[in-house]
Each structure stands twice: as C-alpha cells, then as structure tokens.
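Quick note, the sequences are listed as chains Z and G, same order.
Numbering-wise, numbering that gives the first Met the number 0 puts 44 at position 45 of the first sequence, and it's gapless, one number per residue.
Numbering-wise, numbering that gives the first Met the number 0 puts 231 at position 232 of the second sequence, and it's gapless, one number per residue.
For each residue, glycine too, the CB sits at the ideal point set by N, CA and C.
Comments concern the structure below.
Protein chains: 2
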Amino acid sequence: MSDIGSAKVRLYVEQPLGQGQSVPLTRDQAHYLFSVMRMGVGDVVLAFDGASGEWLARVAESGKRGGTLVCESQTRPLQMPPDLWLLFAPIKKARTDFIVEKAAELGAARICPVQTAFTNAERIRQDRLQAHAVEAAEQCGGTYVPEVCNLQKLDTVLADWPEGRRLMFCDEALVGAGRSLGDAPRGPWAILIGPEGGFSGAERDRLRALPFAHPVSLGPRVLRADTAAVAALTVWQQALGDWT
Amino acid sequence: MSDIGSAKVRLYVEQPLGQGQSVPLTRDQAHYLFSVMRMGVGDVVLAFDGASGEWLARVAESGKRGGTLVCESQTRPLQMPPDLWLLFAPIKKARTDFIVEKAAELGAARICPVQTAFTNAERIRQDRLQAHAVEAAEQCGGTYVPEVCNLQKLDTVLADWPEGRRLMFCDEALVGAGRSLGDAPRGPWAILIGPEGGFSGAERDRLRALPFAHPVSLGPRVLRADTAAVAALTVWQQALGDWT
C-alpha cells in the first residue's frame, strides 16, 4: 500500500499541499474515503489543491466525521490550462452540467455562465456547477480546477471586457462564413456559445461589431449548445492552446 | 399556417418522400403530432427520410392511431455527411446515448459500438441507440440519419477491415506523441475511441501495427470517452471533413 499505483482515489482539497503537510479532511471526504471506498490509516490517495500539483498523501487518521492526510511526495507538477474562458448561456440542467464538466476536462481556465436575450435561466446554482468542475478535475487527472463564475448578463460582461482578451464567437448563423483561427494571435481568449435559440439580432450586431471578436464556424450542421461548447474548445485548443 | 416558418416539428419518416407523396404516420408519430403538439389537418411539418432531403409536408388526415402527411415542396436538399465511421466502446448508458447523439450531430455516417478487452458492456440496445440518432437528426436539422450497428468485437471489426478505409486511433497513452491529421489523405475514414479503462496492451500493439491506422493525440489531459468522441469528430471534420 505504499506507492502511487495503489492510489485509487484522486481528491481535490482546499488546503495548500507540500512536503510533510497535514491535510484535514472534510466530513464529505471522510465519508467517501472511509465508508464508500473502505480505506483506512496507511492507505494512500492522490491529492491536488489547484496550485501545488499532485501529491501522494497517506491517511494518518480516519474517523466518521473527519480524518487527516499527510503529503509524502509530489507525483505531478501543476499543469495550468491556457488563459481561456468559456462563456455560455445556461440551458437545461443536465446539459449545463455537461458543459461545465467538459470545459474542465478540455482545459478552460474559467467558466462563465452568461444570460443572453434568449436564455431561459434566471439563475444558476454556482456551488453545484463548481462541484462539477472539481469532480471533472478529479476524474480526468487535472491538477487545476477552473473557477465557475456567477451568472452575469452578456451585456455587462461585454461592457466590462478586459483589454487584450480576444473572443471566439460561435454563431449558427455563420455557417460556412466564419474565419479560421489559423492565423489568430495567441494570448488571452474567451469562447462564447449562444443559447439553443441563438443570439438575438441586437446581440449578433453588437458581437459582430466588437473589434476583439473572431466569428468562427463550427461546420455545416446546426449543433446543440453543449456540442458546440465541446467542439469550440477543441478547435481553439488545437489552433491556439496546448494541444500542439 | 402555410409556409416553412410555421413548421415547428421536424420528423424523420421511413417512407420515401417526393412531390405530392402521401406519407402514413405511425401511431407514435400521430400521438406526438396530434396529442402532444396539438396539431391538426392543414398544419405543416418538415419531414425527411434520410435520402430525399427535407420536405414541407401538410397534415391531410389526423387520428388517434395514425394520420397522413402530403409532401408539398422540398425545403432542403439531402446533405450527406462525409464517409466517416465512429467506432467506440460502449460505456455507461447516459454517456453512450450522448456519444450517439453527438456523432449524429457532428456528421458521422455510421456509428459502430465495439467490444474491447476492457469494455464492460456485453450487449447494447441497438434499437434505442438508433432512436437517439434519429432524434438527434430531427433536432439538429440533419437530412441524414447515421446507421447504428450492432455491437461487434473490435478484433472482428479489424479482421474484416474494408480496404482503403483509414483509422484515426485516439489513445490516451499517446499524449503528446500522436501524428497530426494535417497531411493525411481524404477519403473513407473511421475514428476509434477506447473505453474508460483504455486499450489493453495487446490491442494497443495490434492497433499501432496496422498500416491504415493514424494515431492522433487529443491534448495533454486525459479525456473521458464521451469527451474524446466529440473532440475526435471535431478534429477530423476540421482537417478532412466538411467543415472547411
């Protein structure tokens, strides 16, 4: 029970990790490790805090309501995603959860639900979506967890747009007419995915007029919003991200 | 109620469509149109049969157990996807459904569940997966429905491999080492996505030795099988398909 190969659980913890560091477990984590996974003192997990890479950590204390891990050695360095935000209009619950999971897996640095003219959602459960991003990072071997922002109006986001960040704007009305990302500059970017009903005429006009916006086509078929999110993240990572 | 803009329903039908053609409705279709959508005689739908494009069709008869449409005019020509097959190892039900839906949306011509060494699924519900492909085509404006094959062993599929078809093989062990599709030839292709547990050593050796196989990397993160399927379809469509 002593090496990395025997660690069957990856755990995101909020406490900073480091050599010899003690890490208190939350009640939920203790329940998962000791009741669900039937682990005990001496067993090892892989832990990451989103900032210090991945660590082999051994259970030093176990209890029904808590426990302690002790970090033994770093198993992987921190791997930051590129400086890419995903902006998307929330859709039905399962598909919104899916978008957050996939954005975390595919390496978005920040996930921002935005309210557009045709967005049905009035609010989101930010805590629930953040938990999905954590779980996706735990599952896919990530050492970083993207921040899930609170729901903001698209108008507000565009009005406060940070200087120097480019926007890849995927619009189904662009079928066959979008630009390629092939010669676009690297640096901070965001991807914007519209809601199932598309953007309103006013939104589309505004987006097209933005000097930092790059309209991109995702092929000749109309894609659902969740498909478009995964396809757009793939297109961007291939052209400008860390896939090459 | 006479033009294409008022058609709120897209319907896949098995009967061949054409000018003036009468189309009998199944019991399920009649229930959907007349009970769920509360349509009646004179209302219009968009219908496609997977071979004749999309047609504006008007309800001529409506009943509880059936009804008839009459084709009035073709609204879109048939758009065939590229000659691309998606081979994937079935995973949990919801994620398998998702892969089929996304493959139909992203333009795969055939969807083939394959049993690998580490595939848990002993069988699939081919009829249910085919229905998902139909629903995805109805939703996304497609005029073609990819065929969902029955579950076959990967070994059998590879032993019967059709001459001239290339295989894009996505293996998480390839991180950073895959070839690019940039200069690969167009023509018939298949994408192969492994199960959550990856390929076995023997499978990997066999796949790598195949003269028609192109190993491709999907970036530095480990992707879930369903994410990998969408990302791989996107990469292929961009490089060799109909997105350009």
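| field | Per-residue burial, Val-58 of chain G [other beta carbons within 10 Å of its own, 16 or more giving buried] | value | Answer is buried; the Cβ neighbour count reaches 16.
| field | Amino acids of chain G, ordered along the chain, whose beta-carbon sits closer than 8 Å to that of Trp-242 of chain Z | value | Ser-216, Leu-217, Gly-218 and Pro-219, listed in chain order.
| field | Neighbourhood of Val-12 of chain G by C-beta distance below 6 Å, restricted to the same chain and skipping five residues each side | value | Counting only Cβ-Cβ distances below 6 Å, and skipping sequence neighbours, we find Val-22, Ala-46 and Asp-48.
| What is the DSSP secondary structure of Cys-139 of chain Z, reduced to helix, strand or coil? | Three-state result, Cys-139 of chain Z: helix.
| request: Would you list the one or two residues that DSSP bridges to His-131 of chain G? | output: In DSSP, His-131 of chain G forms no bridge with anything.
| said: Would you say Lys-101 of chain Z lies against chain G (beta-carbon separation less than 8 Å)? | reply: Yes, Lys-101 of chain Z lies at the interface with chain G (some Cβ there is under 8 Å from its Cβ).
| request: Using a Cβ cut-off of 8 Å (strictly closer), state whether Gly-196 of chain Z contacts chain G. | output: Closer than 8 Å: no.
| task | Under 8 Å between beta-carbons, which chain Z residues line up against Val-234 of chain G? List them in chain order, please. | result | By Cβ distance, chain Z contributes Thr-233 and Gln-237.
| query | Given Leu-68 of chain Z, which residues of its chain have a CB within under 7 Å of its CB, disregarding the five upstream and five downstream residues? | reply | Counting only Cβ-Cβ distances below 7 Å, and skipping sequence neighbours, we find Val-22, Leu-24, Val-44, Ala-46, Ala-56, Arg-57, Val-58 and Ala-59.
| query | If Val-218 of chain Z sits next to Asp-159 of chain G, beta carbons under 8 Å apart, how far is it from one beta carbon to the other, in whole angstroms? | reply | Checking the sequence shown, residue 218 of chain Z turns out to be Gly, not Val. Between Gly-218 of chain Z and Asp-159 of chain G the beta-carbon gap is near 30 Å, outside 8 Å, which marks them as no contact.
| request: Ignoring anything shorter than 4 residues or poking outside the region 171-226 of chain G, list the alpha helix (DSSP H) runs there in chain order. | output: Segments of the alpha helix (DSSP H) lying fully in the region 171-226 of chain G: 200-208.
| query | With C-beta atoms as the reference, is Gln-254 of chain G less than 8 Å away from Gln-114 of chain G? | reply | This structure does not reach residue 254 of chain G, given that chain G is present from 0 up to 243, and the question cannot be answered.
| query | For Glu-104 of chain Z, does the three-state DSSP call read helix, strand or coil? | reply | When DSSP states are grouped into helix, strand and coil, Glu-104 of chain Z belongs to the helix group.
| query | To the nearest angstrom, how far is it from the Cα of Cys-111 of chain Z to the Cα of Ile-192 of chain G? | reply | Rounded to whole angstroms, Cys-111 of chain Z to Ile-192 of chain G spans 30 Å at the Cα level.
| query | Near Glu-247 of chain Z, what residues of its chain come up, given a Cβ to Cβ distance below 6 Å and the 5 sequence neighbours on each side ignored? | reply | As displayed, chain Z neither begins before 0 nor continues past 243, which places residue 247 of chain Z out of reach and without an answer.
| request: In the DSSP assignment, find the alpha helix (DSSP H) that holds Gln-28 of chain G and state where it starts and stops. | output: That run of the alpha helix (DSSP H) goes 26-29.
| said: Please list the terminal residues of the continuous alpha helix (DSSP H) segment that includes Val-156 of chain G. | reply: Start and end: 153-158.
| message | At the 8 Å Cβ level, is Val-8 of chain Z part of the contact set with chain G, yes or no? | response | So no, Val-8 of chain Z is outside the interface.
| message | Rounded to whole angstroms, what is the Cα-Cα separation between Thr-233 of chain Z and Ala-227 of chain G? | response | When only Cα atoms are considered, Thr-233 of chain Z and Ala-227 of chain G end up about 10 Å apart.
| said: Please state whether the Cβ-Cβ distance between Ala-212 of chain Z and Leu-222 of chain Z is less than 8 Å. | reply: Remark: C-beta atoms of Ala-212 of chain Z and Leu-222 of chain Z do not approach each other more closely than 8 Å.
| query | If we ignore side chains and look at the alpha-carbon of each, how far apart do Glu-121 of chain Z and Val-156 of chain Z end up? | reply | Roughly 16 Å between the two C-alpha positions.
| field | Contact check, Val-133 of chain G vs Met-167 of chain G, beta carbons under 8 Å | value | No. Outside cutoff.
| Given that Cys-139 of chain Z touches chain G, what residues does it touch there, using C-beta distances under 9 Å? | Neighbours of Cys-139 of chain Z in chain G, taken as residues at a C-beta separation under 9 Å, are given in chain order as Arg-220, Val-221, Leu-222, Arg-223 and Thr-226.
| query | For Leu-86 of chain Z, is the classification buried or exposed, using 16 other Cβ atoms within 10 angstroms of its Cβ as the cut-off for buried? | reply | Buried, since its Cβ has 16 or more Cβ neighbours within 10 Å.
| request: With a 10 Å radius around its C-beta and 16 neighbouring C-beta atoms as the bar for buried, classify Gln-18 of chain Z as buried or exposed. | output: So Gln-18 of chain Z counts as exposed.
| task | Measuring only between beta-carbons, confirm whether Gly-244 of chain Z sits less than 8 Å from chain G. | result | Look at the range of chain Z in this structure, 0 to 243, and you will see that residue 244 of chain Z is not part of it.
| query | According to a CB-to-CB cut-off of less than 9 Å, which residues of the region 70-84 of chain G neighbour chain Z? | reply | If you check each beta-carbon in the region 70-84 of chain G against every beta-carbon of chain Z, the ones closer than 9 Å belong to Gln-78 and Pro-80.
| Between G:Lys-92, G:Ala-102 and G:Ala-208, which lies nearest to Arg-124 of chain G when the distance is taken from Cα to Cα? | The candidate whose alpha carbon is nearest that of Arg-124 of chain G is G:Lys-92.
| request: Please decide whether Met-0 of chain Z counts as near chain G, where near means a Cβ-Cβ distance under 8 Å. | output: Note that Met-0 of chain Z scores a pLDDT of 41, beneath 50, so its modelled location is shaky and nothing firm can be said.
| said: If you follow the beta strand (DSSP E) that Ile-110 of chain Z is in, where does it begin and where does it stop? | reply: Element bounds for Ile-110 of chain Z: 109-114.
| message | Please report the distance separating the alpha-carbon of Glu-244 of chain Z from that of Arg-220 of chain G. | response | The structure shown does not extend to residue 244 of chain Z, since chain Z is modelled only from 0 through 243, so no value can be given for it.
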